[in-house]
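For the sequence shown, the positions run -22 to -1, 1 to 363 when mature numbering (1 follows the signal peptide of the UniProt record, and there is no 0) is used.
Note that the Cβ used here is the ideal one computed from N, Cα and C, for glycine as well.
A quick note: this is a predicted structure, and the numbers were derived from the prediction, not measured.
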Amino acid sequence: MTKQNTRFILFSLAIAGFFGGAALISQPTPIVLAETPDMQEKEKTDSIENLVTATLANGCFWCTEAVFRELKGVHSAISGYSGGRSKDPTYKEVSTGLTGHAEVIQVKYDPQEISFEELLEVFWKTHDPTTLNQQGADVGTQYRSAVFYHNDEQRRLAEEYKQKLDDSGAFSNPIVTEITKFDSFYPAEDYHQDYFALNHREPYCRRVIQPKLKKFRNVFHDKLKTRKEIAAMEETEAEAKNPDEVDWKNVNWKAKLTREQYHVTTEAGTERPFKNEYWDNKKPGLYKCVRCGLPLYSSETKYESGTGWPSFFKPIDVKNVTEHSDRSFFSVRTEIRCARCDAHLGHVFDDGPQPTGLRYCMNSAALNFQKAEKPAQEKEPAETP
Ligand SMILES: [Zn+2]
């Protein structure tokens, strides 16, 4: 057993002893966001969905993601980079330790089910916050311990919790966790997402993540998703991998989508222009169906239509979308649906640019953007993230 492991176990025991497991944590209560004006826009999408965002760094994001995705109330945990200077960094750039980015996970959670304080408890109990720029064998500023707060309430809670931990004497050394205002989040390359779930047989997963996850499950057994919920989550993940075996007509979309996504794709709703996720997205990548994952549009055919919705002059393959006559709003328009799952996506008009002259006017809520893969030499993950 390494010194780090010993310390982790001692810490877990110490915390359990000091706080009786839950003394620091009150019942989950909705967090009232004390937003600054510049944050209001950023948080708008989330408030529509009733989900709140938290961005945390505590070492290797493969581990952090594996832990947080099992928590009840956590709807998604995405691995990425925050807190650095350069824009849209690659894994390779971040791993030099020179960009200032930390490996983080960005969690979207339902504050009715889990509070920010509970997330902080998990955060601090699953790493050693006293080693500067280091977690176990992972060394560098990219592995630093940090809370990137999204509003004043998160800042206050994080500072208070850190102080309480320091005062408790749970650690023999001072806590070095950085508490900084959130600035930007860049999702990591595809192969880093769900890394543990997809690669649990790999040596790093078995040696480092597996034991960590086991301890986490023991300590937080009452905060975990039920077996049924995990099965449902895994089912969703499996569906994405074997799309041909799914009975798309009978999927319970209400349970799987946010209210906005459901309204658009299932009730043929229209989201607000300029207030949606991708209308202004200029990054290279693929736009997939938010329900079934079928690739629909490429950034290469996206253009600025001035409408405030993501617009494309053609789909990736005409076979991936279907056209339907839409007679609502006293006119005849051509509705566009996903050819695989029949999700409503938007409409097509004939006032687009060449070479097609078409404008596929889509709803961001019906799409899921996947950033372009990095060049081949950067694709192979290193031994540790
Ligand atoms: Zn679809």
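Contact under 8 Å by Cβ, residue i with residue j
| i | j | result |
| --- | --- | --- |
| C319 | V299 | no |
| A35 | H128 | no |
| A344 | V268 | yes |
| V125 | P89 | no |
| S306 | R337 | no |
| Y164 | G58 | yes |
| T334 | H325 | no |
| Q348 | D222 | no |
| A166 | Y69 | yes |
| C339 | W257 | no |
| V85 | A44 | no |
| Y121 | Q132 | no |
| F46 | V100 | yes |
| K203 | E48 | yes |
| H170 | F39 | yes |
| P262 | A350 | yes |
| E180 | I157 | no |
Integer-rounded CB distance, given that residue j should sit under 8 Å from residue i
| i | j | result |
| --- | --- | --- |
| L274 | P293 | 6 Å |
| N151 | T108 | 4 Å |
| E81 | K50 | About 24 Å separates the two Cβ atoms, so there is no contact after all. |
| N341 | N254 | 7 Å |
| L135 | E95 | 6 Å |
| V60 | H79 | The amino acid occupying residue 60 in the given sequence is Ser; Val does not appear at that position. With 8 Å as the limit, S60 and H79 qualify as a contact, their Cβ atoms being about 6 Å apart. |
| L272 | K280 | Actually they are not in contact, since the Cβ atoms of L272 and K280 sit about 17 Å apart, beyond 8 Å. |
| L97 | V154 | Incorrect: roughly 19 Å between the Cβ atoms, too far for contact. |
| G62 | T42 | Rounded, the Cβ-Cβ distance is 17 Å, inconsistent with contact. |
| T104 | K190 | 7 Å |
| S276 | L264 | 6 Å |
| T244 | W231 | 5 Å |
| H322 | V242 | 6 Å |
| residue 370 | S303 | Lying before the first or after the last residue shown, residue 370 is absent from the chain, which here runs from -22 to 363. |
Cross-strand partners of residue i (DSSP beta bridge)
| i | result |
| --- | --- |
| E301 | I314 |
| H325 | E313, C339 |
| K349 | G263 |
| N202 | What sits at residue 202 in the sequence shown is Leu, not Asn. In DSSP, L202 forms a bridge with L49. |
| V30 | Y87 |
| V117 | Q112 |
* Asked: What residues sit near ligand 1, counting only those whose C-beta is closer than 6 Å to one of its heavy atoms, in chain order?
  -> The filter returns C267, R269, C270, L272, C316, R318, C319, A321, in chain order.
* Give, in chain order, every unbroken run of the alpha helix (DSSP H) that is at least 4 residues long and sits entirely within the stretch 121 to 161. => The stretch 121 to 161 contains these whole alpha helix (DSSP H) runs: 130 to 146.
* Asked: Can you list the alpha helix (DSSP H) stretches of 4 or more residues lying completely in the stretch 76 to 115, in chain order?
  -> Restricted to the stretch 76 to 115, the alpha helix (DSSP H) segments that are unbroken, complete and at least 4 residues in length are 94 to 103, listed in chain order.
* May I have a chain-ordered list of the alpha helix (DSSP H) segments no shorter than 4 residues that lie completely inside the stretch 234 to 295? => Secondary structure in the stretch 234 to 295: the alpha helix (DSSP H) runs of 4 residues or longer, each lying completely within the stretch, are 237 to 245 in chain order.
* Asked: Can you give, in chain order, each stretch of the alpha helix (DSSP H) that sits fully within the stretch 32 to 79 and has at least 4 residues?
  -> Those alpha helix (DSSP H) runs which fall completely within the stretch 32 to 79 and span 4+ residues are 39 to 46, 69 to 72.
* Starting from the N-terminal side, write out each stretch of the alpha helix (DSSP H) that is 4 residues or longer and does not extend beyond the stretch 162 to 187. => Runs of alpha helix (DSSP H) with 4 or more residues, each lying fully within the stretch 162 to 187, are found at 173 to 177, listed in chain order.
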